[in-house]
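**Q**
Set out below in structure tokens:
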């Protein structure tokens, strides 16, 4: 990775785990979570109607724009990215196991963050780019992507790709020196064969612009660099509601999520302690949590104390 990708300023370096989560500032927008038993355990996933809830708890919102939860989201992203790079390096110890990509859009496609339709279009282009990459270079490629707006609100992407193949970008400087067009629609933008096109040609095929490719030689730097983009503001532009800033392939950082789930359980307990509530919460891997809409009445409220309790303690 280049020099810019190795900057350490402002990157999360404390890998102590729970301290990074439980030491966060109070959440500004706490949510209600309803716990259900996983269908694989109950065997009643084919029953009509919603699953029977077990209990509710108050928890952090984990929104990027929350002053209390945003830093925790960045740490979570750092660990997921770092875990995926570590896994790729262990699987492919010889050579470069991962590459960092930045993909922009040409001026002819002015996709803006504040327009939800533009964001959906950009994410569709991104998915098709990865699909074509896997078809031409092999299904073993794993990825993690981050969407970022510029100060003007224009959308671009940062990706880290890993796999057993050599991902490359080529160019045709001869066309530029002869005064011919380069880029999307130039006719012959590179010297790649049709059977295995380079990253640049794949991006142009989806209407994207230029691709910058760098080698990732440190999992810490790769995780810190990508999480830095997640932590950056939108330059005065608001993210559409429910917009996804980060996505990953199924196998990217899969081992990391077990540890992150345990940290998440501890964050729920810490939030309840800070609110003066009981931290009694089952650490059960078969529990599934869902956010309860604000308009719904509380589940399992003790009429005498107003406390959210387990069904067995209801009066």
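Residue numbers (this note's numbering): 610 to 924. Glycine included, every Cβ here is placed at the ideal spot set by N, Cα and C. If you're wondering where the values come from, they're calculated on a predicted model, not measured in any experiment.
1. Cα separation between residue 699 and residue 722?
2. Smallest Cα separation from residue 744: which of 808, 820, 639, 899?
3. Hey, quick one: how far does the beta strand (DSSP E) through residue 752 stretch, first residue to last?
4. Where DSSP assigns a beta bridge to residue 823, which residues make up the other side?
5. Whole angstroms are fine: how far does the CA of residue 742 sit from the CA of residue 811?
6. If contacts are defined as beta-carbon pairs under 8 Å, then residue 633 and residue 702 qualify, I think. What distance do you get, rounded to the angstrom?
7. Ignore the nearest five residues each way along the sequence and tell me which others in residue 611's own chain have a CB closer than 8 Å to its CB.
8. For residue 633, does the three-state DSSP call read helix, strand or coil?
9. Quick check: what's the CA-CA separation for residue 683 versus residue 674?
10. Opposite residue 766 in the DSSP bridges: which residues?
11. Go through its chain and collect everything with a Cβ distance to residue 739's Cβ below 7 Å, but skip five positions before and after it.
12. Buried or exposed: where does residue 638 fall if 16 or more other Cβ atoms within 10 Å of its Cβ makes it buried?
13. Among all the DSSP beta bridges, which residues are the ones paired with residue 668?
**A** Let me spell this out:
1. Taking the chain shown and counting its residues from 1, the one referred to as residue 699 is at position 90. Taking the chain shown and counting its residues from 1, the one referred to as residue 722 is at position 113. Each residue's alpha carbon lies about 37 Å from the other.
2. The count along the chain shown starts at 1 and reaches residue 744 at position 135. Answer by Cα proximity: 808.
3. Residue mapping note: residue 752 aligns to position 143 of the chain shown, counting from 1. Unbroken beta strand (DSSP E) run through residue 752: 751-758.
4. Counted from its first residue, the chain shown places residue 823 at position 214. Bridge partners of residue 823: 709.
5. One-based indexing of the chain shown puts residue 811 at position 202. One-based indexing of the chain shown puts residue 742 at position 133. Looking at the two C-alpha atoms, the distance is approximately 7 Å.
6. Within the chain shown, numbered from 1, the residue matching residue 633 stands at position 24. Within the chain shown, numbered from 1, the residue matching residue 702 stands at position 93. About 36 Å; that fails the 8 Å criterion.
7. Residue mapping note: residue 611 aligns to position 2 of the chain shown, counting from 1. Note that residue 611 scores 40 on pLDDT, short of 50, meaning its location in the model is unreliable; the coordinates nonetheless yield the value given after this. Once the five neighbours on either side are set aside, the close Cβ partners of residue 611 are 823.
8. In the chain shown, residue 633 corresponds to position 24, counting from 1. Reduced to three states, the DSSP call for residue 633 is coil.
9. Within the chain shown, residue 683 is the residue found at index 74, counting from 1. Within the chain shown, residue 674 is the residue found at index 65, counting from 1. Each residue's Cα considered, the two are about 11 Å apart.
10. The residue given as residue 766 occupies position 157 in the chain shown. In the DSSP output, where bridge partners are listed per residue, residue 766 has 712, 756.
11. As a working note, residue 739 is residue 130 in the chain shown. The residues are 752.
12. Position 29 of the chain shown holds residue 638. Label assigned to residue 638: exposed.
13. One-based indexing of the chain shown puts residue 668 at position 59. Partner(s): 640.
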